[in-house]
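Enquirer: In the UniProt record's numbering, the protein residues as written are 1 to 246.
1. Quick one: what's got a C-beta closer than 6 Å to residue 238's C-beta in the same chain, skipping five residues either side?
2. Decide if residue 109 is buried, meaning its Cβ has at least 16 other Cβ atoms within 10 Å, or exposed.
3. With DSSP run on the structure shown, which of helix, strand or coil describes residue 215?
4. Would you decide whether residue 1 is buried or exposed? Buried here means 16 or more other CB atoms lie within 10 Å of its CB.
5. Going residue by residue through the stretch 110–180, where are the continuous alpha helix (DSSP H) segments of at least 4 residues, counting only ones entirely within it?
6. Under a Cβ-count criterion, where at least 16 other Cβ atoms within 10 Å of its own Cβ denotes burial, should residue 209 be classed as buried or exposed?
7. State the DSSP-derived secondary structure class of residue 106, mapped to helix, strand or coil.
8. Which class does residue 238 belong to by DSSP, given the choice of helix, strand or coil?
9. How is residue 72 classed by DSSP in three states: helix, strand or coil?
10. Which of helix, strand or coil does DSSP assign to residue 19?
11. As a quick exercise: from 70, 104, 42 and 58, pick the residue whose alpha carbon is nearest that of residue 84.
12. If we ignore side chains and look at the alpha-carbon of each, how far apart do residue 26 and residue 63 end up?
13. Please determine, among 176, 186 and 190, the residue with the shortest C-alpha to C-alpha distance to residue 204.
14. Around the Cβ of residue 185, are there at least 16 other Cβ atoms within 10 angstroms (buried) or fewer (exposed)?
Structure representation (structure tokens):
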């Protein structure tokens, strides 16, 4: 029988199968504040080097802890919850992987790549140029990586760009496509299905399984989008396959 959730302070421990614990923070919606809580929790846990921890995955308002139950004796879920609770009560510890980075991502918003720009601009009752300006005018926080390796979920966008996902997802989205939905923006690192509105494309490689660090972006990073021409996109694609800092 699966263990029942354990409630502690401002967070809750929930079992996800018998080898994963989800730490859920009691905050509604998506915000920088709760994102920082998740990152601090993940860092404290990583620095503690608890036995049997295979992976630590921060998300919007929760952190996934993948572990080996055999390392925690009888009642491993409850024992690990106690250890995690103690760590979460401690002050934030510095990161061992370096400071969060600010990254500029070039994006070509040409209609060839931004296949939803025209319809989206009409839906939002603005021009394509205004839509692009809204997408490039503010820094985006990387809240989490998910769905595909290295795929960043970033926000929050201007409230005017709060559009729902497509009613019917596309079966194939080109790698590098930049898309928006629900006041967030994503970049598809690989060709894959997807249900977000495609507004542009970047020539930058976001995920490389053969080169550590495998992901260009990590949760907590800040991203600024820079509009580039189609000619610049082609040049970067042909001559600089990866971000200069990657």
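Cβ coordinates follow ideal geometry from the N, Cα and C atoms, glycine included.
Model, not experiment: these values are computed from the prediction.
Expert: For this structure:
1. Cβ within range, chain order: n/a, list empty.
2. buried
3. Three-state result, residue 215: strand.
4. Because residue 1 sits at a pLDDT of 48, beneath the cut-off of 50, its placement in the model cannot be relied upon, and the point is left open.
5. 117–124 and 128–136
6. In summary, residue 209 is exposed, with fewer than 16 beta-carbon neighbours lying within 10 Å of its beta-carbon over all protein chains present.
7. strand
8. helix
9. helix
10. Residue 19 falls in the coil class under three-state DSSP.
11. Closest option to residue 84, Cα to Cα, is 42.
12. Annotation: residue 26 to residue 63 spans about 12 Å, alpha carbon to alpha carbon.
13. Closest by alpha carbon: 176.
14. buried
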